[in-house]
Amino acid sequence: MSPAAHAFDFDRIIDREHTASVKYDGRKAVFGSDDVLPLWVADMDFAAPPAVLDALAARAAHPVYGYTLCPDSATDALTGWLAERHGWRVARDAVSMCPGVVPTLYAAVQAFTAPGEGVIVQPPVYPPFFGAIRDSARQLIENPLVEHDGGYTMDLAHLEKCAAAGAKLLLLCSPHNPVGRVWTREELDGVLDVARRHGLVVLSDEIHADLIHPGEQHIALATLAQHGDRIVTAVAPSKTFNVPGLGLSALVAEQRERSAIEHVFARLHVGNGNPFSIAAFEAAYRGGAPWLDALMQYVAGTRDKVMAFAHEHLPGIRVVRAQGTYLLWLDCRALGLDDARLRDFFVREARVGMNPGISFGTGGSGHMRLNIGAPRAVVRSALERIAAALSPARN
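The opening residue of the sequence shown carries number 158 in the working numbering; numbering runs sequentially from there.
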């Protein structure tokens, strides 16, 4: 472990039960048992950065929790972060605060398409991408990722066909959840070329943009834009700094696109932020960098340990090497189980709670998503449970 990682105790096991945690207290409803190690829903089991904890404590100390404005200083914290971490210079007036990235997906579908019009997704992908389309009575158009050399690539030729079929909007997941790809400049340029030829709006969900493993580089799609490109970028501190329960995100776009989404939220009278989400948002982007740097060193080390363990002890399970996120995509097809039986194997026999790959749509069958945003002892315990369940002595 590097000296920076020693400043933060990611090995500390924090008891999250009885805190109304979806991940822990929701286990029985999801898996039918409390006796599973929960490595599913995408939040981490680590304490938030000290800067965030201090800001929340300071705000809680004030005894009035009234309606709260988002100050310019919070927006400036975000734009400073984007410039420093991603080389992306964003004007303050290009930013709008939103009640979360998933609500923004829904708002974008409603803002840029009419009922019955087509929206493109690239499965296997985060399930709310599908929900935002189907719940809004739009047409789902799939541009599946292609497995290649043990990983995944975009099928840009097929994307062209999807766009030519009358699609109005592309929902891009960058970095990609669940397969862990960090898209290259060549791939992103290819997406933009297709979007320009067919007048697509691109909603780029970059909620995992800061969770990049050493040796990889995230490129914000908007940094490659030309005049006239219609790009909306959704960002948030939620995954980066482990504050998803606070429910505040931001979008970056030109006025035309930004106003269209703001209008959807205004129709619903949806507020953006509360005293605590705003305090955490600003503190995270101003003071969270050292914690994040140490976190990603730790998570990358955990990823490598999981891959090594699986190679040696988990026959029939292949771990796709993630380039970003704290999520790992497990290819379990060699086990020869259908999706219902695969889920039962992990829940009932291994007693590990993960997200079934089938929930991520086309290409997800036979896979599971493992959340490694936890102390290594917890992840190791989960792997040992799976290994024991796979042992011939258990079969």
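Where is the CB? At the ideal position from N, CA and C, for every residue including glycine.
Note that this is a predicted model, so its numbers are computed, not measured.
(1) Taking C-beta to C-beta, are residue 437 and residue 400 nearer than 7 Å?
(2) Residue 222: which of 179, 433 and 312 sits nearest, CA to CA?
(3) Could you tell me if residue 514 is buried or exposed, where buried requires 16 or more neighbouring beta carbons within 10 angstroms of its beta carbon?
(4) Could you tell me the alpha carbon to alpha carbon distance between residue 301 and residue 217, rounded to whole angstroms?
(5) Should residue 485 and residue 527 be called a contact, given that it needs their Cβ atoms to be closer than 7 Å?
(6) In the DSSP assignment, what are the bridge partners of residue 412?
(7) Do you know offhand how far residue 445's Cα is from residue 239's?
(8) If you reduce the DSSP assignment to three classes, tell me which class residue 161 lands in.
(9) Looking only at its chain, what residues have a beta carbon closer than 6 Å to the beta carbon of residue 415, apart from the 5 residues adjacent to it on each side?
(10) What residues are listed by DSSP as bridge partners for residue 528?
(11) Beta-carbon within less than 6 Å of residue 405's beta-carbon, same chain only, minus the 5 sequence neighbours each way: which residues are those?
(12) Do the segment 519 to 538 and the segment 284 to 296 make contact, defined as three or more Cβ pairs closer than 8 Å?
(13) Just verifying my parser: in three-state terms, what is the DSSP assignment at residue 229?
(14) Is it the case that the Cβ atoms of residue 381 and residue 360 are separated by a distance below 7 Å?
(15) With a CB to CB cut of under 8 Å and the five nearest residues on each side skipped, what residues in its chain are close to residue 246?
(16) Hey, out of 443, 364 and 326, whose CA is closest to residue 387's CA?
(17) With C-beta atoms as the reference, is residue 363 less than 7 Å away from residue 392?
(18) Evaluate residue 459 with the Cβ neighbour count: other Cβ atoms within 10 Å of its Cβ, from every protein chain shown; 16 or more gives buried, anything less gives exposed.
(19) Taking all protein chains shown into account, decide if residue 184 is buried (16 or more other Cβ within 10 angstroms of its Cβ) or exposed.
(20) Please report the straight-line C-alpha distance between residue 208 and residue 396, rounded to a whole angstrom.
(21) Report, in whole angstroms, the separation of the C-beta atoms of residue 532 and residue 173, which I expect to be a contact under 8 Å.
(22) Counting only the same chain and skipping the five closest in sequence on each side, list residues whose C-beta sits under 8 Å from that of residue 496.
(23) Need the endpoints of the alpha helix (DSSP H) that residue 318 sits in, please.
(24) Applying the 10 Å Cβ sphere with the 16-neighbour rule, what's the burial state of residue 552?
(25) When DSSP labels each residue in this structure, what does residue 173 get in the three-state scheme?
(26) I need the boundaries of the alpha helix (DSSP H) containing residue 443, first residue and last residue.
This is what the structure holds:
(1) yes
(2) 433
(3) buried
(4) 46 Å
(5) yes
(6) According to DSSP, residue 412 bridges with nothing at all.
(7) 13 Å
(8) At residue 161, the pLDDT of 43 sits below 50, so the modelled position is not reliable and the matter cannot be decided from this model.
(9) 253
(10) 484
(11) 430, 434 and 438
(12) no
(13) helix
(14) no
(15) 236, 239 and 240
(16) 326
(17) yes
(18) buried
(19) buried
(20) 16 Å
(21) Contact doesn't hold; Cβ gap of about 12 Å is too wide.
(22) 513, 514, 515, 522 and 523
(23) 313 to 321
(24) With a pLDDT of 47 at residue 552, under the threshold of 50, the predicted position of this residue should be treated as unreliable, and no value is reported.
(25) coil
(26) 432 to 444
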